[in-house]
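A.B. asks: Mind having a look at this structure? Questions to follow.
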Amino acid sequence: MGPRRIAPFLLSFFLTHTAFAGDTSRASLEAISSTSNMAEATPVAPSSELLEWPKKDKRRFLHAVYRVGDLDRTIEFYTECFGMKLLRKRDVPEEKYANAFLGFGPEESHFVVELTYNYGVTSYDIGTGFGHFAIATPDVYKLVEHIRAKGGNITREPGPVKGGTTVIAFVKDPDGYVFALIERASTHDPLYQVMLRVGDLERSIKFYEKALGLRVVKTVDKPEYKYTIAFLGYGEEHETTLLELTYNYGVTEYTKGNAYAQIAIGTDDVYKSAEVVNQVTNELGGKITRQAGPIPGINTKITSFLDPDGWKTVLVDNQDFLKELE
Ligand SMILES: N[C@@H](CCC(=O)N[C@@H](CS)C(=O)NCC(=O)O)C(=O)O
């Protein structure tokens, strides 16, 4: 009998968990101990228990991260026009960037935006794939009036959505990001949705269900307008932040630009979550872009990956995230 081969998934587990030189974290030690018995290991299929993890995990949308050309200009626009609060700001001069976090409530319980300003960079390309952020409001007409009075750029007047009844409007912020204003009588959090365009909706749904444990809460097909949408979340439609994935019939590619960055989602175990993502990317495409581990200096454990269309998600350790807020 020839030499036994290392089961590919065990090897990838090892690689996923040992990205940081000198890292002797729990996961690395586990990975080392699992490889030390390798000669005895019999190749087995990816564990279905592991694939169940994203559904059992404590997941929550934390923030959307994107770049802006002038932090103060955007803070003023979001606070004055949308009524968001400035939650925190940090300047990192040694890395030549600054962040501002804004939203409608505390980060412990709300989805927020994380603006990034890179010193000296005043404009970005948003690309064609990013769709919009959505804000729920009980009266779109009134909010549009308010935004217009503040000098905001209304790119779609309020009125029922084409082919439907929900009243919507579109506003462009100072960098050109679109915010959809959507009429809802009540909401758990006004900032409740991010819309991204994808090239294969079935593949994307499968990816996000398996890799992130998201569930499809609603799909809408509008053949007359040649698009299908899937809304994915971690709860019921009106109680969860939603990832809205739009498929335009026949369009399989979009440009990403360099403005929008990623969505961050909380997890109770970054290492286990990364291993699931690793298995799912092997099956459906996409790739891990940052191996699971602590960010040097901050020590918050994260992992990041791209979906099959190239959209990035960062998984952030829930406990570490709360510590950052202290
Ligand atoms: N081609 C559109 C498809 C998605 C779409 O049309 N969505 C609806 C909202 S769910 C919309 O933007 N409608 C425009 C309108 O009603 O004016 C896109 O890629 O943005």
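Just remember that the working numbering sits 16 ahead of the position in the sequence shown, which is counted from 1.
Idealized CB from N, CA, C, for every residue including glycine.
1. Taking 6 Å as the cut-off, is the C-beta of VAL194 nearer than that to any heavy atom in ligand 1?
2. Out of PHE120, GLY273, GLY121, SER202, point me to the one whose CA is closest to GLY192's CA.
3. Taking just the CA atoms, how far does SER64 sit from SER139?
4. Mark GLY167 as exposed unless 16 or more other C-beta atoms lie within 10 angstroms of its C-beta, in which case mark it buried.
5. Quick check on GLU255: does DSSP put it in helix, strand or coil?
6. Which of the three DSSP states, helix, strand or coil, is assigned to THR297?
7. Here's the rule I'm using: 16 or more other beta-carbon atoms within 10 Å means buried, otherwise exposed. How should VAL232 be labelled?
8. Please state the DSSP three-state secondary structure of PHE247.
9. May I have the straight-line CA-CA distance separating LYS328 from GLY175, to the nearest angstrom?
10. Exposed or buried, what is GLY147 when buried is set at 16 or more other beta-carbons lying within 10 Å of its beta-carbon?
11. Can you list, in chain order, the residues of its chain with a C-beta nearer than 8 Å to that of THR132? Leave out the 5 residues immediately preceding and following it.
12. State yes or no: is the C-beta of ASN264 nearer than 6 Å to some heavy atom of ligand 1?
13. Taking the alpha carbon of ASP325 as the reference point, which residue from GLY266, ALA308, SER289, LEU217 has its own alpha carbon closest?
14. If the criterion is Cβ atoms closer than 7 Å, does the pair PRO206 and PHE120 meet it?
15. According to the neighbour-count rule (16 or more other Cβ atoms, all chains shown, within 10 Å of its Cβ), is PRO109 buried or exposed?
16. Who are the Cβ neighbours of ASN264 in its own chain at under 8 Å, not counting the five residues just before and after it?
17. Under 7 Å, do ILE163 and ILE184 count as touching if we go by C-beta distance?
18. With DSSP run on the structure shown, which of helix, strand or coil describes PHE93?
19. So, is ARG104 buried or exposed, given that buried needs 16 or more other C-beta atoms within 10 angstroms?
20. Can you tell which of ILE314, TYR270, LYS238, LEU300 has its C-alpha closest to the C-alpha of GLY145?
21. Return helix, strand or coil for ALA275, following the three-state DSSP convention.
22. To the nearest angstrom, how far is it from the Cα of VAL330 to the Cα of THR319?
23. Could you name the residues of the same chain whose beta carbon sits closer than 8 Å to that of THR316, not counting the 5 residues immediately before and after it, in chain order?
24. Beta-carbon separation of ARG76 and GLY229 under 7 Å?
25. Report the residue from TYR157, LEU300, LEU322, ILE279 whose alpha carbon sits nearest the alpha carbon of THR257.
26. For THR203, I'd like the list of residues in its chain whose CB is within less than 6 Å of its CB, leaving aside the five on either flank, ordered along the chain.
27. If I measure Cβ to Cβ from TYR157 and keep anything under 6 Å in the same chain, skipping five residues before and after, which residues do I get?
28. Unbroken beta strand (DSSP E) runs of length 3 or more, entirely within the region 168-254: which are they?
C.D. replies: Working from what's here:
1. no
2. GLY273
3. 45 Å
4. exposed
5. helix
6. helix
7. exposed
8. strand
9. 32 Å
10. buried
11. VAL81, TYR82, ARG83, VAL84, TYR113, ALA114, ASN115, ALA277
12. yes
13. LEU217
14. yes
15. exposed
16. ARG213, LYS242, TYR243
17. no
18. helix
19. exposed
20. TYR270
21. coil
22. 6 Å
23. PRO310, VAL332, ASP333, ASP336, PHE337, LYS339, GLU340
24. no
25. ILE279
26. ALA152
27. PRO174
28. 169-176, 183-188, 194-199, 207-213, 231-238, 243-249
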